[in-house]
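According to our numbering, the sequence shown is numbered sequentially starting from 29. Following: one structure in structure tokens, then a few remarks.
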Amino acid sequence: MKYPILFRLALFFVCPLSLCGCYYAIPTIVEAVNQNRLQSESEGAILESNTGALKFVSNSDKITAEKLNAYIRGYNCIMVGSWSLWPSYNTFTNHTLKSRSTDTISFPVVDGLEKGLDWLKKGISYEQVSMPELDEAIAACIAAGEKLYTDEQTSLPYFRNQMYRRDNMAGAKKIFPVLQKDYDNMIAAMNKAGSILIGMQKTETERRMTAYRAQKTMVGYNTEKSLLYAQEIVMLFNSPENSIADREKYIEGDRLIAEMTTALATQRKILNDVYPLRDRSGGVDSIHDHLTEMIASYHIMKKKKTARSFNRMMKRYSDAIESYNRSLKFARPI
């Protein structure tokens, strides 16, 4: 059933959005209209974190796993989602900065920033586990994030109350350079932390693959293997503004996609042979389905070479990781 646009926007206004356990209510119908417009216009921009969501860890070293998972939760909360760091930055640079006093200005707020910072602080509080390089990178994220959060919250009433109409953007001209620097610092800090975390994630995935193979647990082995290839595809295109148009990238991308397809087919065959009557709505079946959709999105990206197709591929990857992280809660450490 199709609903009129005003009805859908009214629902958008009334209902809070839930992202990463964080709730953000759109305060006015004007902002709801603006958010809807910007969401449509932004499809030509890179919206997803260039690492996608990160996997949780589960091993016998409980304290280390808890520390890392707190960092990963914080990272995912800030970097993944419709109004996470990159979409908010894109809106700020492509719309807010270019606005005039006669416009209805959309002022982006990084949804999940406060909750993400809480998780990062929780992780850094595990002083009994030392990870010097990562801890230093996370400390920089916390400092940059707190500055961005404070300046966002301080500036929000100015834009929400449309004070820029009364002072002809005088206040905005003071706010914009501060927020631009805040975003630049936060993105740089999160990129550094993300680079370290994704390297650790690859090492953890390879460790789990080795353990699963030794145990002859081939469903787990092929699940981890397919996710490893998916991660390598993500890293292959981790500078999407340039890489999605680079034909050479797709030579290696095709090889990785072929390997991932084989691993997924093996995983599904084993599951069908051993558990033909299983509930397929979650668990490894959900991971399989999201990765299969990621493969389809990759082929569209290869053909169209657009930011929109990259965003869709990254969304499917992050969906697979989200399913993996849910499943890991019920898996025994290996």
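Think of the CB as a built atom: it goes at the ideal place given N, C-alpha and C, for glycine as much as any other residue. Computed from a predicted model, the values in this text were never measured in an experiment.
Measuring only the C-alpha atoms, how far is residue i from residue j?
i: residue 359; j: residue 172; result: 35 Å
i: residue 330; j: residue 272; result: 8 Å
i: residue 179; j: residue 101; result: 23 Å
i: residue 346; j: residue 81; result: 5 Å
i: residue 252; j: residue 232; result: 10 Å
i: residue 86; j: residue 239; result: 12 Å
i: residue 195; j: residue 186; result: 10 Å
i: residue 210; j: residue 177; result: 9 Å
i: residue 164; j: residue 113; result: 20 Å
i: residue 156; j: residue 277; result: 42 Å
i: residue 117; j: residue 137; result: 9 Å
i: residue 349; j: residue 315; result: 7 Å
i: residue 295; j: residue 281; result: 21 Å
i: residue 192; j: residue 127; result: 10 Å
i: residue 227; j: residue 98; result: 17 Å
i: residue 111; j: residue 242; result: 42 Å
i: residue 222; j: residue 197; result: 36 Å
i: residue 268; j: residue 84; result: 25 Å
i: residue 94; j: residue 207; result: 33 Å
i: residue 318; j: residue 174; result: 34 Å
i: residue 300; j: residue 291; result: 14 Å
i: residue 122; j: residue 129; result: 16 Å
i: residue 132; j: residue 189; result: 10 Å
i: residue 307; j: residue 351; result: 15 Å
i: residue 120; j: residue 148; result: 24 Å
i: residue 356; j: residue 254; result: 16 Å
i: residue 376; j: residue 202; result: Residue 376 lies beyond the residue range present for the chain, which begins at 29 and ends at 362; the question has no answer from this structure.
i: residue 362; j: residue 141; result: 32 Å
i: residue 336; j: residue 230; result: 27 Å
i: residue 344; j: residue 258; result: 10 Å
i: residue 151; j: residue 328; result: 38 Å
i: residue 169; j: residue 302; result: 45 Å
i: residue 135; j: residue 184; result: 7 Å
i: residue 275; j: residue 265; result: 11 Å
Helix, strand or coil for residue i, going by three-state DSSP, please let me know.
i: residue 159; result: coil
i: residue 361; result: coil
i: residue 332; result: helix
i: residue 312; result: helix
i: residue 202; result: helix
i: residue 343; result: helix
i: residue 218; result: helix
i: residue 144; result: helix
i: residue 69; result: Confidence in residue 69 is poor, its pLDDT being 40 and thus under 50, which makes the residue's placement unreliable; the coordinate value appears in the next sentence. Helix at residue 69.
i: residue 126; result: coil
i: residue 247; result: helix
i: residue 196; result: coil
i: residue 132; result: coil
i: residue 237; result: helix
i: residue 322; result: helix
i: residue 351; result: helix
i: residue 139; result: coil
i: residue 265; result: coil
i: residue 24; result: In the structure displayed, the chain extends from 29 to 362; residue 24 sits before or after that span and is not available.
i: residue 186; result: helix
i: residue 228; result: helix
i: residue 153; result: coil
For residue i, verify whether its CB is less than 8 Å away from any heavy atom of the ligand ATP.
i: residue 213; result: As for the ligand ATP, it is missing from this structure, which has no ligand bound.
Name the residue from the options whose alpha carbon lies nearest to the alpha carbon of residue i.
i: residue 108; options: 291, 135, 129 and 143; result: 143
i: residue 103; options: 207, 213 and 79; result: 79
i: residue 325; options: 315, 339, 351 and 313; result: 339
i: residue 167; options: 214, 266 and 295; result: 214
i: residue 237; options: 248, 227 and 228; result: 248
i: residue 245; options: 175, 336 and 298; result: 298
i: residue 217; options: 162, 300 and 264; result: 162
i: residue 234; options: 309, 286 and 250; result: 250
i: residue 182; options: 204, 88 and 333; result: 204
i: residue 320; options: 260, 285 and 353; result: 285
i: residue 219; options: 263, 334, 279 and 288; result: 263
i: residue 224; options: 199, 160 and 261; result: 160
i: residue 200; options: 91, 289, 125 and 274; result: 125
i: residue 270; options: 260, 293, 333 and 279; result: 333
Legend entry - Contiguous alpha helix (DSSP H) assignments of at least 4 residues, all confined to the stretch 78-121: 90-107 and 113-119
Inset, instruction - Report the residue ranges of all alpha helix (DSSP H) runs contained in full by the stretch 272-310; include only those spanning at least 4 residues, in chain order. - result: 277-302
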